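By my numbering, the letter at position 65 of the sequence shown is numbered 52, and the numbering carries on one by one without gaps. Data block below; observations after.
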Amino acid sequence: MRKRTLISLAAGATALGGATFAYASLVERNMFTLRRFDVPVLEPDAEPLRILHISDLHMMPDQRRKQTWVTALAGTDPDLVVVTGDNLSSPAAVPGVLKALGPFFDVPGAFVFGSNDYKGPVWRNPLRYLLPEREYVQGVELPWQDLRTAFTEAGWADLNNARTVLKAGGRSVELVGVDDPHVDRDDYESVAGPVSRGADLHIGVTHTPASRVLSAMAQDGFALLLAGHTHGGQVRVPGYGALTTNCDLPHAMARGLHRWPGTDSWLHVSAGLGTHPTAPMRFACRPEATVLTLIPR
-12 MRKRTLISLA AGATALGGAT FAYASLVERN MFTLRRFDVP VLEPDAEPLR
38 ILHISDLHMM PDQRRKQTWV TALAGTDPDL VVVTGDNLSS PAAVPGVLKA
88 LGPFFDVPGA FVFGSNDYKG PVWRNPLRYL LPEREYVQGV ELPWQDLRTA
138 FTEAGWADLN NARTVLKAGG RSVELVGVDD PHVDRDDYES VAGPVSRGAD
188 LHIGVTHTPA SRVLSAMAQD GFALLLAGHT HGGQVRVPGY GALTTNCDLP
238 HAMARGLHRW PGTDSWLHVS AGLGTHPTAP MRFACRPEAT VLTLIPR
């Protein structure tokens, strides 16, 4: 009797695990979700300003459902589009990214790159993401130059270790960004400094929400910080949350809107729209894009 009970429990656990894996890999990773947050960073009596934050597309050439869903976000009528990297997962993915983002090229925009814009993914054991220290291995060279050219020719600002001011929603917006800290391409010191008092709004942008970068931007007075990279944990435990952020960001801040500790700055971390191609699953962490409506303090 005891043996039969153990066998039944093992069979039940195996079935549950298989069903969970099937749901995470076949269903939830395609449940694209639009999230919305109000962010109080504007001056009193200022009109709201809408930012569409897109991150971690990890596009493969055949992901037409994702491309179509992103294209439809044009209906959110953003004043500014910010893309926080990891757009590519294949050397042939640039046309898919441009198809998805093309409807926004007549909107003011800005972007930074992530490590998976430069080099392709390689297979790795997903459990390695839980290790505090591990070797980071990248794959084939990706056509990031072609992507960069398309973005900049559309008028979008390249914020990879750069700083600029642009007009969006009738406002003057100062933006600063870094190249991906995850692979040590960031050089915030080259663009650091107090925010311009002549601008109406100040935004810091990075792919990886590394604390060294976020703290420096907040100290310089950037009121809103935007990042991706974490995938929100990608696989979350209901009632607990993310098991990893793949950087030094606290797990509780793996996705969503938070105050950056000790400052007046707000941080939004996008859980992103894609997955690593060798771990194509999400659980309790739907793929997402976000409309941030900036409102008076």
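Note that the Cβ used here is the ideal one computed from N, Cα and C, for glycine as well. It should be emphasised that the depicted structure is a prediction, and the values quoted were computed from it without experimental measurement.
Closest residue to alanine 258 among Pro196, Asp207 and Pro95 (Cα-Cα distance): Pro196
Can you look up arginine 273 in the DSSP assignment and give me helix, strand or coil? coil
If we require 4 or more residues per run, which alpha helix (DSSP H) segments fall completely within the stretch 100 to 188? 102 to 105 and 131 to 140
Do alanine 144 and threonine 151 have their C-beta atoms within less than 7 Å of each other? It is a contact, given that the beta carbons lie within the stated cut-off.
On the DSSP letters alone, give me the boundaries of the alpha helix (DSSP H) that arginine 37 sits inside. That residue, arginine 37, is in no alpha helix (DSSP H); its beta strand (DSSP E) goes 36 to 41.
Straight-line gap, aspartate 93 to leucine 67 (C-alpha atoms, nearest Å): Going from the Cα of aspartate 93 to the Cα of leucine 67 covers about 10 Å.
Could you check what DSSP says for tryptophan 247 in three-state terms: helix, strand or coil? coil
Determine the DSSP secondary structure at proline 82, reduced to helix, strand or coil. Looking at proline 82 - three-state DSSP - the assignment turns out to be helix.
Assigned exposure category for valine 200 - 16 Cβ within 10 Å defines buried: buried
Backbone CA spacing between arginine 223 and valine 14 [nearest angstrom]: Rounded to whole angstroms, arginine 223 to valine 14 spans 15 Å at the Cα level.
Those residues which DSSP pairs with proline 283 across a bridge: Proline 283 pairs with Leu29.
Hey, could you find the ends of the beta strand (DSSP E) valine 69 is sitting in? 67 to 70
What span of residues does the alpha helix (DSSP H) with alanine 285 cover, start to end? Since the first and last residues shown for the chain are -12 and 284, residue 285 lies out of range.
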